[in-house]
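**Q**
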Amino acid sequence: MKVLKNELFDEFKCLAGECPETCCYGWRIIVDDKTKERILEKDGIWGKCLRLSLSGPDKNYFNYDSGSCIFHGMSGLCNIQKKLGAEYMPEICRKYPREIRNYGTFATMNLDLSCIHVSDMLLSRDKRPSLIECDEEIERVRHGSNDDPQFEEIVLTSQKELIQMLNVKPQLIYDPVTMDRILHSLLAYCQYAQDTVLEHKDMKLTKDDGRPLYFYELCKTDDMPDAGRSYFPLPIMALNRLINTQFDMQDSRPFSMINRTIEWYHHKFDLKTEIEGQKVWKSMVTDFIREDPTRMEALLRYLQYDVQQCYGEIYENYSFVHFAVSAIMHVNMFLFLMVNYNRRKKLTPQKMAALLSAYERAACHNLGLQKDMYAIVCDYLPVQKMAVPISAPQTLESGSQQS
Ligand code: SF4
Numbered sequence: 072m073k074v075l076k077n078e079l080f081d082e083f084k085c086l087a088g089e090c091p092e093t094c095c096y097g098w099r100i101i102v103d104d105k106t107k108e109r110i111l112e113k114d115g116i117w118g119k120c121l122r123l124s125l126s127g128p129d130k131n132y133f134n135y136d137s138g139s140c141i142f143h144g145m146s147g148l149c150n151i152q153k154k155l156g157a158e159y160m161p162e163i164c165r166k167y168p169r170e171i172r173n174y175g176t177f178a179t180m181n182l183d184l185s186c187i188h189v190s191d192m193l194l195s196r197d198k199r200p201s202l203i204e205c206d207e208e209i210e211r212v213r214h215g216s217n218d219d220p221q222f223e224e225i226v227l228t229s230q231k232e233l234i235q236m237l238n239v240k241p242q243l244i245y246d247p248v249t250m251d252r253i254l255h256s257l258l259a260y261c262q263y264a265q266d267t268v269l270e271h272k273d274m275k276l277t278k279d280d281g282r283p284l285y286f287y288e289l290c291k292t293d294d295m296p297d298a299g300r301s302y303f304p305l306p307i308m309a310l311n312r313l314i315n316t317q318f319d320m321q322d323s324r325p326f327s328m329i330n331r332t333i334e335w336y337h338h339k340f341d342l343k344t345e346i347e348g349q350k351v352w353k354s355m356v357t358d359f360i361r362e363d364p365t366r367m368e369a370l371l372r373y374l375q376y377d378v379q380q381c382y383g384e385i386y387e388n389y390s391f392v393h394f395a396v397s398a399i400m401h402v403n404m405f406l407f408l409m410v411n412y413n414r415r416k417k418l419t420p421q422k423m424a425a426l427l428s429a430y431e432r433a434a435c436h437n438l439g440l441q442k443d444m445y446a447i448v449c450d451y452l453p454v455q456k457m458a459v460p461i462s463a464p465q466t467l468e469s470g471s472q473q474s
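Every number in my numbering is 71 more than the matching position in the sequence shown, counting from 1.
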C-alpha cells in the first residue's frame with residue numbers, strides 16, 4: 072500500500088529509563104481485548120495484581136484516574152514489561168508514540184509529539200523531517216470508509232503544497248509577518264476548499280487558482296484576505312481564554328513546566344488592561360522572533376509536522392477549516408509558551424521540545440478540551456463555529472487524559 076511516512080518514524084527509539092519525562096503519567100490506558108484476555112488467564116500473584124488494576128466502567132482501563140501508572144517503576148521502566156514481557160502490556164503502550172492510519176488506499180505513519188523524545192527529534196535535527204512516500208504492508212485495520220481517488224489526489228497534492236509553502240527565505244525568518252501570511256494563506260485556502268467540496272465542485276481544487284500556493288501568493292500582496300486581523304500572534308485575550316480552559320489543569324504535578332510558564336504569564340499580564348496587554352504582547356513577540364531565528368524555525372517545524380501528521384485526516388472528515396483553525400491555535404499556543412518561558416529561563420532547543428510535548432499532551436488528547444479551545448479560536452477568526460468531527464491521534468484515542 073502507498074504509505075506516507077514521516078522520516079522520524081524509523082529513527083525513533085524510546086529512551087526508556089533515560090527519558091527526562093514519562094508517558095506513564097496522565098493518561099488513561101485502555102486495555103485492548105486481546106491483552107485483557109491474556110490478563111484474565113494469567114495465574115499467580117502477577118495475574119491477580121493485573122486484574123486488580125483494571126478499572127473503569129467495563130474494567131478495561133489501567134490508570135483510570137490519569138495519575139501515575141502503578142506499573143511505572145522507579146527505574147523509569149514498565150514493570151509489566153520487565154516481569155512478564157511486552158505481551159501483557161496494553162497495545163497502546165506497546166505502540167506509543169507510533170501512529171499508523173490506514174485509509175484503505177493509502178496510509179500514514181507518524182509519531183506523536185506528546186512524546187518528549189519525538190518533539191526533541193523534530194526540533195533538534197539539522198533539517199526538517201520529510202514525508203517519505205513508500206510501499207509497505209499495513210496491518211492496522213482500516214480507518215474510515217471513504218473511497219474517492221480524486222479527492223485522495225486533491226488532499227495529498229495540497230498537503231505537499233502546504234509543506235512547500237513553509238520553506239520561507241532565510242531573510243524572512245526574523246519577521247512575525249511571515250508566519251501571519253502563512254496562516255492567512257492556510258485559512259483562506261482551507262475555507263475555499265471547504266466551500267468547494269460542500270458545493271460538490273471538487274475539480275476546482277485541481278486548477279491553479281484553487282490550490283494552496285495560489286492563496287500563498289495572494290497573501291503576499293495587498294489583496295491578502297482578512298488582512299486587518301492578526302493570526303500571528305493571536306490577540307493575548309484569545310490566548311488568555313485558551314489557557315483558562317481546563318488546559319491549565321491537565322498536568323497537576325507540582326512545578327510542571329507548563330503551569331509555571333502560565334504563572335509567569337499571569338505575573339506579567341494580570342494587572343494590565345486589555346489594550347495595554349495587547350501592546351506588550353505584540354512587542355514581546357516581535358522581539359522574541361527577531362532575537363533568534365531558531366524560534367521561527369521551531370514554529371515552522373511544528374506547523375509542518377501538523378500538516379504531515381493531521382492533514383490526511385481531511386480525506387475522511389472533509390473538514391479543511393477545522394484543520395486550519397486548529398493549526399493556527401497550535402502555532403500560537405506554542406509561541407505563547409515559548410515567549411513566557413523565555414522571560415524567566417533560557418529557552419534551549421531541549422526546553423522548546425519539553426514545552427511542545429507538554430502542550431501536545433495537555434491539548435491534543437482530550438476531546439472535550441479540544442472542542443472548547445476550538446470554539447474560542449473561532450471567535451477570533453472569520454469562521455463559523457461548526458460541529459466538526461474532532462479525533463484524537465490514534466495512538467492515544469482511548470487513552471486520553473481525564474477531562
Ligand atoms: S515519553 Fe517517549 S521516549 Fe519517553 S518513555 Fe515514553 S515513549 Fe519513551
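Backbone N, C-alpha and C fix where the C-beta goes; we use that ideal spot for every residue, glycine too.
Being a predicted model, the structure only gives us computed values, none of them experimental.
According to DSSP, is Leu467 part of a helix, a strand, or is it coil?
**A** The residue you call residue 467 lines up with position 396 of the sequence shown. Residue confidence is low: Leu467 scores 48 on pLDDT, short of 50, so the model does not pin down where it sits. No coordinate-derived value is stated.
**Q** Is the beta carbon of Ser301 less than 8 Å from the beta carbon of Asp219?
**A** As a first step, residue 301 is located in the sequence shown; it is residue number 230 there, counting from the start. As a first step, residue 219 is located in the sequence shown; it is residue number 148 there, counting from the start. Not closer than 8 Å, so no.
**Q** Once DSSP output is grouped into helix, strand and coil, what is the label at Val74?
**A** Here residue 74 refers to the residue found at position 3 of the sequence shown. In the displayed model, Val74 falls within a strand according to three-state DSSP.
**Q** If you draw a straight line from the C-alpha of Thr365 to the C-alpha of Met72, how long is it?
**A** Residue numbering aside, residue 365 sits at position 294 when the sequence shown is read from its first letter. Residue numbering aside, residue 72 sits at position 1 when the sequence shown is read from its first letter. Cα to Cα, Thr365 sits roughly 37 Å from Met72.
**Q** Secondary structure at Thr316, three-state DSSP: helix, strand or coil?
**A** Taking the sequence shown and counting its residues from 1, the one referred to as residue 316 is at position 245. Correct three-state label for Thr316: coil.
**Q** Please determine whether the Cβ atom of Ile187 lies at a distance below 7 Å from any heavy atom of the ligand SF4.
**A** Here the question's residue 187 lines up with position 116 in the sequence shown. Ile187: yes, Cβ under 7 Å from the ligand SF4.
**Q** Taking Asn131 as the reference, which of Phe303, Arg109, Cys186 and Lys278 has the closest Cα?
**A** Translated into the one-based positions of the sequence shown, residue 131 becomes position 60. Ranking the options by Cα distance to Asn131, first place goes to Arg109.
**Q** Between Asp273, Arg165, Cys186 and Thr106, which has its C-alpha nearest Ala424's C-alpha?
**A** Within the sequence shown, numbered from 1, the residue matching residue 424 stands at position 353. Among Asp273, Arg165, Cys186 and Thr106, the Cα nearest to that of Ala424 is on Cys186.
**Q** Reducing DSSP to helix, strand and coil, say where Cys85 ends up.
**A** One-based indexing of the sequence shown puts residue 85 at position 14. The answer is coil: DSSP assigns Cys85 none of H, G, I, E or B.
**Q** Any idea if Ile244 is buried or exposed, counting beta-carbon neighbours within 10 angstroms, 16 or more meaning buried?
**A** Indexing the sequence shown from 1 puts residue 244 at position 173. Its Cβ being crowded by 16 or more others within 10 Å, Ile244 is buried.
**Q** Looking only at C-alpha atoms, which of Leu313, Ala429 and Glu387 sits nearest to Met444?
**A** Locating residue 444 in the sequence shown gives position 373, counting from the first residue. For the residues Leu313, Ala429 and Glu387, the minimum Cα distance to Met444 belongs to Leu313.
**Q** Taking the Cβ atom as the reference point for each residue, do Glu78 and Ser229 lie within a distance shorter than 8 Å?
**A** As a working note, residue 78 is residue 7 in the sequence shown. As a working note, residue 229 is residue 158 in the sequence shown. Glu78 is not a Cβ neighbour of Ser229, given a cutoff of 8 Å.
**Q** Using a Cβ-based criterion (distance less than 7 Å to any ligand heavy atom), does Glu47 qualify as near the ligand SF4?
**A** Since the displayed the chain opens at 72 and closes at 474, residue 47 lies outside it and no answer follows.
**Q** Who are the near neighbours of Leu370 in its chain, counting only those whose CB is closer than 7 Å to its CB and skipping five residues on each side?
**A** The residue you call residue 370 lines up with position 299 of the sequence shown. Correct list, in chain order: Met250, Val402, Phe405 and Leu406.
**Q** Does Asp183 pass the burial test, meaning 16 or more other C-beta atoms within 10 Å, or should it be called exposed?
**A** Taking the first residue of the sequence shown as 1, we reach residue 183 at position 112. Label assigned to Asp183: buried.
**Q** May I ask you to report which of helix, strand or coil DSSP gives Leu182?
**A** Counting from one through the sequence shown, the residue named residue 182 turns up at place 111. The answer is strand: DSSP assigns Leu182 an E or B state.
**Q** Would you check if the distance between the CB atom of Gln321 and the CB atom of Ala446 is smaller than 8 Å?
**A** As a position in the sequence shown, residue 321 is number 250, starting the count at 1. As a position in the sequence shown, residue 446 is number 375, starting the count at 1. No. Outside cutoff.
**Q** How would you label Gly346, buried or exposed, when you count the other beta carbons within 10 angstroms and need 16 or more for buried?
**A** By 1-based counting over the sequence shown, the position of residue 346 is 275. Residue 346 is actually Ile in this sequence, not Gly. Around the CB of Ile346, fewer than 16 other CB atoms lie within 10 Å, so the residue is classed as exposed.
**Q** Rounded to the nearest angstrom, what separates Arg211 and Ile225 at their Cα positions?
**A** If you number the sequence shown from 1, residue 211 lands on position 140. If you number the sequence shown from 1, residue 225 lands on position 154. So the alpha carbons of these two residues sit roughly 24 Å apart.
**Q** Using a Cβ distance threshold of 8 Å, determine whether the stretch 281-299 contacts the stretch 340-357, with at least three qualifying pairs required.
**A** no
**Q** Cβ atoms of Ser124 and Phe133: under 8 Å apart, would you say?
**A** To locate residue 133, count along the sequence shown from 1; it is residue 62. To locate residue 124, count along the sequence shown from 1; it is residue 53. Going by C-beta atoms, Phe133 is nearer than 8 Å to Ser124.
**Q** The alpha helix (DSSP H) with Asn413 in it runs from where to where?
**A** To locate residue 413, count along the sequence shown from 1; it is residue 342. Phe391 to Arg415 is the extent of the alpha helix (DSSP H) around Asn413.
**Q** Where does Leu143 sit, in a helix, a strand or coil, going by DSSP?
**A** The residue given as residue 143 occupies position 72 in the sequence shown. Contrary to the premise, residue 143 reads as His rather than Leu in this sequence. Note: His143 maps to strand in three-state DSSP.
**Q** Should the stretch 372-386 be called in touch with the stretch 410-420, which here means at least 3 C-beta pairs below 8 Å?
**A** no
**Q** Would you say the beta carbon of Tyr96 is closer than 7 Å to some non-hydrogen atom of the ligand SF4?
**A** Numbered from 1 along the sequence shown, position 25 holds the residue referred to as residue 96. Every heavy atom of the ligand SF4 is 7 Å or more from the Cβ of Tyr96, so no.
**Q** For Lys396, which option in Ile253, Pro168, Leu269 and Ser126 has the closest C-alpha, if you only look at C-alpha atoms?
**A** Within the sequence shown, residue 396 is the residue found at index 325, counting from 1. The residue you asked about is not Lys; residue 396 is Val in the sequence shown. Checking every option, the nearest Cα to that of Val396 belongs to Ile253.
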